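Peer 1: First the structure, then my questions, so here it is.
Residue numbers (this note's numbering): 16 to 312.
So, in structure tokens, the structure goes:
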């Protein structure tokens, strides 16, 4: 009689244990590989934005304004369409750009007023404006929109400009970047996790520009109307232990990439800046004409 050898219970348990150990060892490697791919995709998004900014400059001899602030005869001059709208043709979004221009009388009408067409266009999702590592959805739920209209909120952007170079009705040109284009950061990451508010590609709304730009004061020292020091606004700083943590998070470059965030510079190059970067160097990178010698970054 032929006898077939079978696994004993102990042998089976050993095999299962070995498989479990192998899975436990492989899982972190798989997760790291996925994050590396997401980070690479994010870097490519920033490269595309940097190239679009360069092409805009080639066409107009200046970089786009951080946001348009139209004149008003009836009240305050609110921030309006942002830099990301101006480079839509360079981002292969000419049809969307033309639709926005037509609905706003060539960008003369505030986009978040009672204009259903503009409001609907603001919810258009642009993949190149979204970091794959960000856990939030493509629609921005952080910023409330001043409107009585119904429908989706504005679409999100994980990339926000440096307000020092991209301010209200700004017209900065290459010749103005006296510190050198390779030494000046233009656009960086902004996550939507927790109280770290992501941006809105359509532009600024109502009183502030914090939903399209990171304010220069946040990088150069203090956020507007706040007494925090530049220590409070380092990359990924969550504001814990300060008097106004949520304000710090709203005004801080941040990402879901471990240890820092990615930035595209004025020359179109993309750099990963550590959250532990020397603050003096970080401050200097944000100012295109301070004339200071940079440290390593």
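Idealized CB from N, CA, C, for every residue including glycine.
Computed from a predicted structure; not experimentally measured.
(1) Between the region 291-310 and the region 197-216, are three or more C-beta pairs nearer than 8 angstroms?
(2) Using the beta-carbon count (16 or more within 10 Å), is residue 193 buried or exposed?
(3) In whole angstroms, what is the alpha-carbon distance linking residue 67 and residue 30?
(4) On the CB-based measure, 16 or more other CB atoms within 10 Å of its CB, does residue 186 come out buried or exposed?
(5) Which residues mark the beginning and the end of the beta strand (DSSP E) in which residue 289 is found?
(6) For a quick check, are the C-beta atoms of residue 71 and residue 102 less than 8 angstroms apart?
(7) Among the residues of its own chain, which have a CB less than 7 angstroms from the CB of residue 123, if the five just before and after it don't count?
(8) Could you tell me which residues DSSP pairs with residue 97 in its beta bridges?
(9) If you measure from the beta carbon of residue 270 to each beta carbon in chain D, is any gap under 8 angstroms?
(10) Nearest CA to the CA of residue 312: which residue from 288, 172 and 298?
(11) Measure the C-alpha to C-alpha separation of residue 236 and residue 34 and round it to an integer number of angstroms.
(12) Measuring straight from C-alpha to C-alpha, what distance separates residue 267 and residue 174?
(13) Exposed or buried, what is residue 74 when buried is set at 16 or more other beta-carbons lying within 10 Å of its beta-carbon?
Peer 2: The relevant details are as follows:
(1) Yes, the region 291-310 touches the region 197-216.
(2) To locate residue 193, count along the chain shown from 1; it is residue 178. With fewer than 16 other Cβ atoms within 10 Å, it is exposed.
(3) Locating residue 67 in the chain shown gives position 52, where the first residue counts as 1. Locating residue 30 in the chain shown gives position 15, where the first residue counts as 1. Straight-line Cα distance between these residues: approximately 55 angstroms.
(4) Position 171 of the chain shown holds residue 186. Exposed, because fewer than 16 other Cβ atoms sit within 10 Å of the Cβ of residue 186.
(5) Here residue 289 refers to the residue found at position 274 when the chain shown is read from its first residue. For residue 289, the enclosing beta strand (DSSP E) begins and ends at 285-289.
(6) Counting from one through the chain shown, the residue named residue 71 turns up at place 56. Counting from one through the chain shown, the residue named residue 102 turns up at place 87. Yes.
(7) What you label residue 123 is simply residue 108 of the chain shown in a count that begins at 1. Only 85 meet the Cβ criterion.
(8) Taking the chain shown and counting its residues from 1, one reaches residue 97 at position 82. For residue 97, which the question treats as bridged, DSSP gives the partners 82.
(9) Structure shown: chain D not included; a single protein chain is present.
(10) Working through the chain shown from its first residue, we reach residue 312 at position 297. The closest CA to that of residue 312, considering only 288, 172 and 298, is found on 288.
(11) Numbered from 1 along the chain shown, position 221 holds the residue referred to as residue 236. Numbered from 1 along the chain shown, position 19 holds the residue referred to as residue 34. Confidence at residue 236 is low in this model, with a pLDDT of 44, below 50, so the placement of that residue is unreliable and no value is reported for it.
(12) Sequence index remark: in the chain shown, residue 267 carries index 252 (1-based). Sequence index remark: in the chain shown, residue 174 carries index 159 (1-based). Rounded to whole angstroms, residue 267 and residue 174 show a C-alpha spacing of 12 angstroms.
(13) Residue numbering aside, residue 74 sits at position 59 when the chain shown is read from its first letter. Its Cβ having fewer than 16 others within 10 Å, residue 74 is exposed.
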